[in-house]
Amino acid sequence: MKIILVGAQGDVGQAAYAELSPRHEVIRAGRNSGDVTVDIGDRASIAAMYETVGAFDAVVSTAGNVHFAPLADYTDANFRTGLDTKVMGQVNLVLEGLSRIADGGSFTLTSGVLDRDPIVTGVGAATANGALAGFVTGAAIEMPRGLRVNVVSPGLLEASEARYGAFFPGHERVSSARVGRAFAKCVEGAITGQVVIVA
5 MKIILVGAQG
15 DVGQAAYAEL
25 SPRHEVIRAG
35 RNSGDVTVDI
45 GDRASIAAMY
55 ETVGAFDAVV
65 STAGNVHFAP
75 LADYTDANFR
85 TGLDTKVMGQ
95 VNLVLEGLSR
105 IADGGSFTLT
115 SGVLDRDPIV
125 TGVGAATANG
135 ALAGFVTGAA
145 IEMPRGLRVN
155 VVSPGLLEAS
165 EARYGAFFPG
175 HERVSSARVG
185 RAFAKCVEGA
195 ITGQVVIVA
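Here it is, written out as structure tokens:
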């Protein structure tokens with residue numbers, strides 16, 4: 005398969021790449037690096053990426069930013085950081101890709117643990133993750149041409165421990181290998197409309 009991997013440089017993106025690249029052609033996309041550049045906060049940039057890549061069989065997105073702050077300090081703009089990039093950025097990857105992806109292709113998005121196991125300051129991420137779960141559930145029943153859509157929801161990766169571990173007290177860490185296999189399940193398997201939890 006020819007797979008577009010958006011957000012390839014992050015810890016989750018690297019896990020997906022390590023699992024999928026031995027068996028498939030993986031085109032890495034990112035805001036500032038990769039085989040092709042894309043700003044998922046800009047739908048026109050997403051369309052341009054697809055035009056550059058040409059024919060493809062699957063999209064894996066591990067991209068999107070969220071804001072972390074105490075609830076009382078959140079503003080409309082803070083919330084929109086996650087809603088505009090992590091939610092609508094990934095939703096627009098699907099919407100722009102619907103007419104371009106090969107028959108029977110798949111879209112795999114990424115959410116995270118915080119909508120089911122929250123942390124202090126994590127309400128923006130929890131909101132975005134819940135929205136993505138709702139999107140794939142609703143979109144799956146309307147996907148044309150045998151297309152599939154899922155979302156991988158990993159816990160904190162062991163690879164991210166040094167940077168983020170202090171914010172996740174008591175949370176189980178997950179290996180990059182397990183996260184990578186969750187993406188393989190979505191891309192190479194047959195499921196659709198699922199939240200694939202890696203806990």
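My numbering applies: residue 5 is where the sequence shown begins, and numbers increase by one.
By construction, the Cβ of each residue, glycine as well, lies at the ideal position given by its N, Cα and C atoms.
If residue i and residue j are in contact, beta carbons under 8 Å, what's the gap, nearest whole angstrom?
| i | j | result |
| --- | --- | --- |
| G109 | A62 | 6 Å |
| T89 | G45 | 5 Å |
| V95 | F60 | Not confirmed; about 18 Å, so no contact. |
Could you tell me the boundaries of the alpha helix (DSSP H) in which residue i lies?
| i | result |
| --- | --- |
| V98 | 92 to 101 |
| I50 | 47 to 57 |
| N133 | 127 to 144 |
| R120 | Unbroken run through R120: none, as it is neither H nor E. |
| V178 | First-last for V178: undefined, no H or E at that position. |
| T85 | 80 to 85 |
So the candidates are the options; which of them puts its Cα closest to the Cα of residue i?
| i | options | result |
| --- | --- | --- |
| G150 | A132, F172, I8, I195 | I195 |
| G174 | V191, G159, A12, S103 | G159 |
| A166 | G11, D15, I7 | D15 |
| A106 | A129, T114, F83, G58 | G58 |
| V10 | A48, Y21, S65, T56 | S65 |
| K6 | R47, Y54, V200 | Y54 |
| V156 | S115, A130, Y168 | S115 |
| V117 | Y21, E29, V200, I8 | V200 |
Terminal residues of the continuous beta strand (DSSP E) containing residue i?
| i | result |
| --- | --- |
| N69 | N69 -> no beta strand (DSSP E), and no H or E assigned at all. |
| I105 | I105 -> no beta strand (DSSP E), and no H or E assigned at all. |
Does the contact criterion of 3 or more C-beta pairs under 8 Å hold for the stretch 129 to 148 versus the stretch 179 to 192? The stretch 129 to 148 vs the stretch 179 to 192: no contact.
Where are the beta strand (DSSP E) runs, 3 residues long or more, that stay fully inside the stretch 18 to 43, in chain order? Listed in chain order, the complete beta strand (DSSP E) runs (minimum 3 residues) inside the stretch 18 to 43 are 29 to 34.
Does the count of Cβ pairs from the stretch 116 to 125 and the stretch 67 to 82 closer than 8 Å reach three? The way I'd put it, the stretch 116 to 125 does touch the stretch 67 to 82; three or more beta-carbon pairs between them come closer than 8 Å.
In chain order, which continuous runs of the beta strand (DSSP E) of length 3 or greater are located wholly inside the stretch 150 to 201? DSSP assignment within the stretch 150 to 201 yields the following whole beta strand (DSSP E) runs of 3 residues or more, N-terminal first: 152 to 158.
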